[in-house]
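Residue 665 in UniProt numbering sits at position 665 of the sequence shown; the count goes up by one each step and never skips. Report on the following structure.
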Amino acid sequence: MQRELKTPSAKKIEKQLIKHNDVRIDDYYWLNERENPEVIAFLEQENAYYEAMTAHTKELKDSLFTEMKARIKEDDSSVPYKFNGYWYATRYEVGKEYPIFTRRFEKEDAEEEIMFNCNHMAEGLDYFNLGGLSISPNNELAAFGVDTVSRRQYTLQIKNLHTQEIYGDKIENTTGSAVWANDNKTLFYTKKDPVTLRSNNIYRHILGTSPEEDELVFHEDDETFTTFVYKTKSKEFIVIGSSSTLTTEFQILRADDPNGKFHVFSKRVRGMEYSLTHYEDNFYILTNMEGATNFKLMTTPEDKTESENWVDFIPHREEVLLEDIEMFNEYYVLSERENGLNKLKIVRWDTGESYYLPFDNETYTAYVGTNPDFDTEILRYGYNSMTTPSSIIDFNMRTREKEIKKEQEVLGGKFHKENYISERIWAPARDGKKVPISLVYYKNTKLDGSSPLLQYAYGSYGHTIDPYFSTVRLSLLDRGFVYAIAHVRGGEYLGRKWYEEGRLLNKINTFTDFIDCSKFLIEKKFTSPEHLYASGGSAGGLLMGAIVNLCPEIYNGVIAAVPFVDVLTTMLDDTIPLTTGEYDEWGNPNEKEYYDYMKSYSPYDNVTRQLQPNMLVITGFHDSQVQYFEPAKWVAKLREYKMDNNLLLFNINMDAGHGGASGRFESLKEVAKEYAFLLDLEHKIR
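In structure tokens:
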């Protein structure tokens, strides 16, 4: 009966796209007309088709949602952290979608002050997000940003935390975050270009004055850069940062001199990245200068900040990626990555004595948590693994004693960590490299090729997907699924070179690594082509589009969320948000070498008449990162070219953007859709 439903079909309007004397024909280019009623009608037709084709899974989706929700502690709260005399925390109430931001004075059990109840603020809105909460040094005022559309364009406002008054001045089109100078009345914030949404302007706002009078203190001219502003942990400097994929530059101003002039810390040099931390009379700089591929730590006096004055503090190491540093009065903590594994190294300033926190798993994630307090010997860090719920731990760096402040509760009484197995295996890539895969599965799951497996990856921007615990994932594991994270090139799991080998003219490695991991998982009997599924979002959605073109026969189903699939057209349009800032990641197609290379893998440009796996494509109409029309065009073209009866479903959230639904329970419904798609496919072949 379902197969008799009318399949959506977008009309074709030929559009010639010409570059470097190459002519591409794009019949679905017109779908980028956001206000066109025919575009809306097409998207609504796709949504109606999705609903009809999945109507039989409604009970399953509802069951999955109820199951996922039941594992969550609804009246949950974060572990409080101390900052400037107050203990700050976030909590949720039973049945409520949004967080409540609170604080208590001096003691954790003091009377609670509610700063923001987002449930009240979100009433009547389809989408709501509060971000960038910044408290003034005297603890009286809070700057905050609100996004009600999901295009990451925040309205910045100020609230008096004593009187609860929200001041009338609203600053539109910001990133949502702001930084207070030490005078408690001067704010620095970032505005976006209204068309491209590039963060390109830093303004100074004086409390009580009209935003129209705000002074522009910095404009970022280079269209490949974005800019931002923050305050050092020492509270002594306001810092303006300019960043592209591979180059950074900073400007500094004394936080006690908010009306002063920012001066450049060290001039930008193409391909040189650095970030800075302030301690006593020196800056500490994490940088790849002088060929330090995996980064090193350098230092320089406050009054000699140009790079020619920097000296090595921790030298570059070929096998260890230096990711971050956290400063304390008596200690500093290094975040390192070696052979894919997180390592936290604690070092005393005075003696240089050092040691590593011990971790004994091969699929864990450890990270430095929220540590705003400078004068403490307590390090807060987080730990979880694919079988161990997240823990927040306070570690005394002097006594080496640790206190687990909180372990994520998994309600329902069915979860026992000993029932699950995690491991790391290494798949041979076609060029001889070994690609790590983190796996987790229920202990009774058969590893004879008959079990379903969901393989996930991202693989871009040097962003590493560490092996992590997920309560929602249990709904797959408990039903016999194996879950795999493929740490493909393009991420930094194995260091900076691992990233370099998966970007620009090496991007194809990301796609072939994923396919080679899939084939290895099949070879080792973790699954088979009949039971193998793939998933990825955003740049990971590009990965999904590529594997569907390159090797569709080894996947039974693919989920592509907010997929970046029309690479060439998007990267040639510098009016689209993020485009110019992406040149260092993908290349600039205005140069023929990069144009030709992008065209060779861009999913939309390489759709051919072939068999395709079952597919679910998901997007948000207000997405500012990957515009809705990319997946819309892709799906329309896939429908035209597909040569099979496999499912091709397209679901568009007309109220959401890149991150999907904003409420914590609404987002679970979206995961339930994805899991129901997978489980329904499995049911059909059993």
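Even for Gly, the Cβ is constructed at its ideal location relative to N, Cα and C.
With fewer than 16 other CB atoms across the displayed protein chains lying within 10 angstroms of its CB, K434 is exposed.
Counted as a single uninterrupted DSSP element, the stretch harbouring K599 is not any beta strand (DSSP E) but the alpha helix (DSSP H) occupying residues 592-601. For W310, the three-state secondary structure derived from DSSP is coil.
Within 10 angstroms of the beta-carbon of N590 lie fewer than 16 other beta-carbons, which makes it exposed. By the C-beta density criterion, S150 is buried, having at least 16 other C-beta atoms within 10 angstroms. Burial of F621 is indicated by the presence of at least 16 other C-beta atoms within 10 angstroms of its C-beta.
A Cβ-Cβ distance of about 25 Å is found for the pair K406 and I421, leaving them out of contact under the 8 Å criterion. Across the set M643, W634, P631, D312, the C-alpha of M643 shows the shortest separation from the C-alpha of Q610. Going by DSSP, F250 is part of the beta strand (DSSP E) stretching over 248-254.
Less than 8 Å divides the Cβ of A181 from the Cβ of P258. Using a Cβ distance threshold of 8 Å, L322 and I314 count as a contacting pair. For the options L668, F526, Y274, V472, the alpha carbon positioned closest to that of T293 is the one of Y274. Per DSSP, reduced to three states, the secondary structure at F564 is coil, with no helix or strand assignment.
In this structure, the alpha-carbon of R489 lies about 18 Å from that of S600. Within 10 angstroms of the beta-carbon of V607 lie 16 or more other beta-carbons, which makes it buried. As for any beta strand (DSSP E) of minimum length 3 sitting wholly inside the region 399-441, the runs are 402-407, 420-428, ordered along the chain. No residue range can be given for H531, since it is assigned to no alpha helix (DSSP H) and is classified by DSSP as neither H nor E. For F128, the three-state secondary structure derived from DSSP is coil.
A direct Cα-Cα distance of roughly 5 Å separates I13 from D27.
If you check the CB distance, A486 and I547 do not come in under 8 Å. The alpha-carbon of N614 is positioned some 5 Å away from that of L647. Contiguous beta strand (DSSP E) elements confined to the region 477-555 occur at 482-486, 532-537, taking only those with 3 or more residues. Unbroken beta strand (DSSP E) stretches of 3 residues or longer found wholly inside the region 69-125: 81-83, 86-91, 100-105, 113-117, given in chain order. By the CB criterion at 8 Å, T464 and E492 fall inside the cutoff. Looking at L668, I652, S602, the one whose alpha-carbon comes closest to that of R24 is S602.
Taking S354 as the centre and dropping the five residues before and after it, the same chain places the C-beta of K345, I346, V347, R348 closer than 8 Å to its C-beta, in chain order. Counted as a single uninterrupted DSSP element, the alpha helix (DSSP H) harbouring Q45 occupies residues 37-53. For the 8 Å CB-CB criterion, P467 and S385 form a contact. Y284 has its alpha-carbon roughly 13 Å from the corresponding atom of D303.
Within 10 angstroms of the beta-carbon of E582 lie 16 or more other beta-carbons, which makes it buried.
Counting of Cβ neighbours within 10 angstroms places L197 among the buried residues, the total reaching 16 or more.
Pairwise C-beta distances place the region 551-568 in contact with the region 529-541, as three or more of them are shorter than 8 Å.
For W349, the secondary structure class from DSSP, reduced to helix, strand or coil, is coil. In the structure shown, the three-state DSSP call for M571 is helix.
Bridge partners of I652 according to DSSP: T619. A direct Cα-to-Cα measurement between Y383 and S528 gives close to 33 Å.
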